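Taking it in order: structure first as structure tokens, then the write-up.
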Amino acid sequence: MLCWNVYDDLPKWLGNRASFPVAVHCPLRAAFPPFICSIAVILILKTGATDEQVDHVIERVEALGLQAHLSRGTYRTILGIIGDEDKIPEDSLRAIPGVAQVIPVLPPYKLASLEAHPQRSVVDVSGIKIGGGFLGMIAGPCSVEEPERMDRIARLTRAAGANLFRGGAYKPRTSPYAFQGLGVDGLKILRDVGQKYGMPVVTEVTDPRNVEVVSEYADMLQVGARNMQNFVLLTEVGRSARPVLLKRGMSATIQDLLMSAEYILSQGNANVVLCERGVKSFDPSTRNLFDVAAVPLLAGLTHLPVIVDPSHATGRPDLIPPCALAGLAAGADGVHIEVHDQPEVAKSDGPQALLPEQYAELAERMRKMAELLGKTISPPNPEAVA
Ligand code: PEP
Ligand code: MN
Numbered sequence: 142m143l144c145w146n147v148y149d150d151l152p153k154w155l156g157n158r159a160s161f162p163v164a165v166h167c168p169l170r171a172a173f174p175p176f177i178c179s180i181a182v183i184l185i186l187k188t189g190a191t192d193e194q195v196d197h198v199i200e201r202v203e204a205l206g207l208q209a210h211l212s213r214g215t216y217r218t219i220l221g222i223i224g225d226e227d228k229i230p231e232d233s234l235r236a237i238p239g240v241a242q243v244i245p246v247l248p249p250y251k252l253a254s255l256e257a258h259p260q261r262s263v264v265d266v267s268g269i270k271i272g273g274g275f276l277g278m279i280a281g282p283c284s285v286e287e288p289e290r291m292d293r294i295a296r297l298t299r300a301a302g303a304n305l306f307r308g309g310a311y312k313p314r315t316s317p318y319a320f321q322g323l324g325v326d327g328l329k330i331l332r333d334v335g336q337k338y339g340m341p342v343v344t345e346v347t348d349p350r351n352v353e354v355v356s357e358y359a360d361m362l363q364v365g366a367r368n369m370q371n372f373v374l375l376t377e378v379g380r381s382a383r384p385v386l387l388k389r390g391m392s393a394t395i396q397d398l399l400m401s402a403e404y405i406l407s408q409g410n411a412n413v414v415l416c417e418r419g420v421k422s423f424d425p426s427t428r429n430l431f432d433v434a435a436v437p438l439l440a441g442l443t444h445l446p447v448i449v450d451p452s453h454a455t456g457r458p459d460l461i462p463p464c465a466l467a468g469l470a471a472g473a474d475g476v477h478i479e480v481h482d483q484p485e486v487a488k489s490d491g492p493q494a495l496l497p498e499q500y501a502e503l504a505e506r507m508r509k510m511a512e513l514l515g516k517t518i519s520p521p522n523p524e525a526v527a
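Per our numbering, residue 142 is the first one in the sequence shown, and the count goes up by one each step.
Right, here's the structure in full:
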């Protein structure tokens, strides 16, 4: 229930309508009629602000080169700030004595926001579409391993219905003593197997210095959970021509994730797919806590496709199938699943890998779910060896 009366000054607000709708995320939106307005930031002044204090705030706002429009309510005084929303110094406004709250009308992730780009993005990964009704079915082992094994897993996952093949050649490991990945040799194995089966490949890049070499071999660059806020890496993949799979950090908020996507978009790379892969929780029953609500939540905030990774989200093969289906039911644009033919000898994440036959069974259920939802799974290149 809003207790101040912004409608006192409605003619003034209406007189300053301009270029964009009041943002959906703005908690004050209910206070404003849904007209188009140019107010970029709303200042709420401290309760009981005197006329002199209000004049002083306006003076300071104007000194920052902005316009202020006053609305004096019964309980609260608010100022609508007009100016170029990219350049409004929010912290300077926050520091003006008498200002209680500064609320931007537009979200800070302008390029990623649905408001700025109401049409949903479809990301094309070398012919496989993700988003806009197309599902990306990413499958493969956690790490790139020996060529024969990679060949076998690719053949079986492709036959089951996967359309993108994955495997990490650079592994961000908690322990410096754990397997770190095969590096460039791994990239070559992944690319060769992917080409043989007509499956574009997804692999993680952990270091800005490797973006160039990984882009040479991979069709899609993965930025992993541990690097979601590695801003140098985000900037570098933003300059690459390859689509990016951006995984949610294990303690990242939805806004953090969108701000990281913004880094990539701001460098000119428009092909970003977000991935919900679980967040840290207090409960060791699962590896992470699968935040399925993030999928429809993100869909309301961004035009970027969103996929789910129930493998890392749960860490448990018994929970992966129901969580994959839940992700699709919640509107995910794809599913990322780790598959290994001998989990006990896997170089990483063996305990959470699905066997190829388990993946095939799940893929059949996902195919039926896709049909039910009216979604399409682009097939791998039919001319490649099956
Ligand atoms: C992975 O995909 O193997 C991986 C390391 O994922 P995450 O970054 O989500 O932990
Ligand atoms: Mn893994």
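Glycine included, C-beta positions come from ideal geometry on N, C-alpha and C.
Please read all numbers here as calculations on a predicted model, not as lab measurements.
Open item on the list: On a Cα-Cα basis, can you pick out the residue from Ala310, Val447, Glu479 that is closest to Gln499?
Closed with: Against the sequence shown, residue 499 aligns to sequence position 358. That would be Glu479, whose Cα lies nearest to the Cα of Gln499.
Open item on the list: I'd like to know if the region 473-490 and the region 274-284 are in contact, where contact means that at least 3 CB-CB pairs between them fall below 8 Å.
Closed with: yes
Task: Closest Cα partner of Ser401 within the set Ala382, Lys421, Val378, Gly419 - done: By 1-based counting over the sequence shown, the position of residue 401 is 260. Cα-wise, what sits closest to Ser401 is Val378.
Open item on the list: In whole angstroms, give me the CA-to-CA distance for Ala525 and Val334.
Closed with: Your numbering for residue 525 matches position 384 in the sequence shown. Your numbering for residue 334 matches position 193 in the sequence shown. Spanning the two alpha carbons is a distance of roughly 11 Å.
TODO: Specify the secondary structure class of Ile244 as computed by DSSP and reduced to three states.
DONE: Residue 244 sits at position 103 when you count from the first residue of the sequence shown. It is a strand residue.
Task: Cβ pair count under 8 Å reaching 3, the region 321-341 against the region 353-362 - done: yes
- [ ] Could you tell me whether any non-hydrogen atom of ligand 1 is closer than 7 Å to the CB of Asp490?
- [x] Along the sequence shown, one-based indexing puts residue 490 at 349. Checking the Cβ of Asp490 against ligand 1 gives yes.
TODO: Report the residue from Val346, Arg299, Leu305 whose alpha carbon sits nearest the alpha carbon of Gly322.
DONE: Against the sequence shown, residue 322 aligns to sequence position 181. Among Val346, Arg299, Leu305, the Cα nearest to that of Gly322 belongs to Val346.
Open item on the list: Alpha carbons only, please: which of Asn351, Ala181, Thr394, Pro245 is nearest the one belonging to Leu374?
Closed with: Here residue 374 refers to the residue found at position 233 when the sequence shown is read from its first residue. That would be Asn351, whose Cα lies nearest to the Cα of Leu374.
- [ ] Within 10 angstroms of the Cβ of Leu247, are there 16 or more other Cβ atoms? Answer buried if so, exposed if not.
- [x] As a working mapping, residue 247 is identified with position 106 in the sequence shown. Leu247 is buried by the Cβ-count criterion.
TODO: Would you list, in sequence order, the uninterrupted beta strand (DSSP E) runs of no fewer than 3 residues that lie entirely inside the region 439-470?
DONE: 447-449
- [ ] Please state if the CB of Val264 and the CB of Val414 are separated by a distance shorter than 8 Å.
- [x] Within the sequence shown, numbered from 1, the residue matching residue 414 stands at position 273. Within the sequence shown, numbered from 1, the residue matching residue 264 stands at position 123. Their beta carbons are under 8 Å apart, which means Val414 touches Val264 by this criterion.
Open item on the list: For a test of your reading of the model: does the CB of Glu479 fall under 7 Å from any non-hydrogen atom of ligand 2? Yes or no.
Closed with: As a first step, residue 479 must be located in the sequence shown, where it is residue number 338. True, at least one ligand heavy atom lies under 7 Å from that Cβ.
Open item on the list: In the DSSP output, what is Cys416 paired with across the bridge?
Closed with: Within the sequence shown, residue 416 is the residue found at index 275, counting from 1. DSSP lists Lys388, Ile448 as partners of Cys416.
Task: Between the CA atoms of Thr215 and Val202 - distance to the nearest angstrom - done: The sequence position of residue 202 within the sequence shown is 61, counting from 1. The sequence position of residue 215 within the sequence shown is 74, counting from 1. Rounded to whole angstroms, Val202 to Thr215 spans 23 Å at the Cα level.
- [ ] Starting from the C-beta of Tyr404, find all residues in its chain whose C-beta is less than 7 Å away, skip the five residues before and the five after it, and write them out in chain order.
- [x] Along the sequence shown, one-based indexing puts residue 404 at 263. If we look at Tyr404 and ignore the five residues flanking it on each side, its Cβ neighbours are Phe372, Leu375, Thr376, Gly379.
Open item on the list: Judging by CA-CA distance, which residue of Thr443, Met291, Tyr318 is the nearest neighbour of Lys329?
Closed with: One-based indexing of the sequence shown puts residue 329 at position 188. Lys329 has its Cα closest to that of Met291, out of Thr443, Met291, Tyr318.
TODO: For Leu469, count neighbouring Cβ atoms within 10 angstroms of its own Cβ and tell me buried if that reaches 16, exposed if not.
DONE: Here the question's residue 469 lines up with position 328 in the sequence shown. Leu469 should be labelled buried.
Task: Buried or exposed (CB count within 10 angstroms, at least 16 for buried), Ala434 - done: The count along the sequence shown starts at 1 and reaches residue 434 at position 293. By the neighbour-count rule (16 or more Cβ atoms within 10 Å), Ala434 is not buried but exposed.
Open item on the list: Taking its Cβ as the centre, do 16 or more other Cβ atoms sit within 10 Å of Gly409, making it buried, or is it exposed?
Closed with: Numbered from its first residue, the sequence shown carries residue 409 at position 268. Gly409 comes out exposed.
TODO: Please name the residue, chosen from Leu220, Leu430, Asp474, that lies closest to His453 on a Cα-to-Cα basis.
DONE: Here residue 453 refers to the residue found at position 312 of the sequence shown. Ranking Leu220, Leu430, Asp474 by Cα distance to His453 puts Leu430 first.
Open item on the list: Beta-carbon within less than 6 Å of Leu207's beta-carbon, same chain only, minus the 5 sequence neighbours each way: which residues are those?
Closed with: Along the sequence shown, read from residue 1 onward, the residue named residue 207 stands at position 66. The residues are Ile222, Gly224.
Task: C-alpha distance - Thr315 paired with Leu234, whole-angstrom precision - done: As a working note, residue 315 is residue 174 in the sequence shown. As a working note, residue 234 is residue 93 in the sequence shown. Answer to the nearest angstrom: the Cα atoms are 41 Å apart.
Open item on the list: Just to confirm, is the Cβ distance from Pro238 to Ala181 under 8 Å?
Closed with: Position 97 of the sequence shown, counted from the start, is the residue given in the question as residue 238. Position 40 of the sequence shown, counted from the start, is the residue given in the question as residue 181. No, the pair does not count as a contact, with Cβ atoms beyond the cut-off.
Task: Outcome for Phe423 when other beta-carbon atoms lying within 10 angstroms are tallied against a minimum of 16 - done: To locate residue 423, count along the sequence shown from 1; it is residue 282. That one is exposed.
Open item on the list: Tell me whether Lys388, by its Cβ, gets closer than 7 Å to a heavy atom of ligand 1.
Closed with: Counting from one through the sequence shown, the residue named residue 388 turns up at place 247. Lys388: yes, Cβ under 7 Å from ligand 1.
Open item on the list: By the three-class DSSP mapping on this structure, what secondary structure does Pro520 have?
Closed with: On the sequence shown, position 379 is the one that residue 520 refers to. Correct three-state label for Pro520: coil.
TODO: Name the two residues that bound the continuous alpha helix (DSSP H) containing Ile199.
DONE: Taking the first residue of the sequence shown as 1, we reach residue 199 at position 58. 192-204 is the extent of the alpha helix (DSSP H) around Ile199.
Task: Other residues of its chain near Pro458: CB distance less than 6 Å, five sequence neighbours each side excluded - done: Translated into the one-based positions of the sequence shown, residue 458 becomes position 317. So the qualifying residues of the chain are Leu495.
Task: CB-CB length for Ala504 against Gly472, believed under 8 Å - done: In the sequence shown, the residue the question calls residue 504 occupies position 363. In the sequence shown, the residue the question calls residue 472 occupies position 331. 19 Å between Cβ atoms; not a contact.
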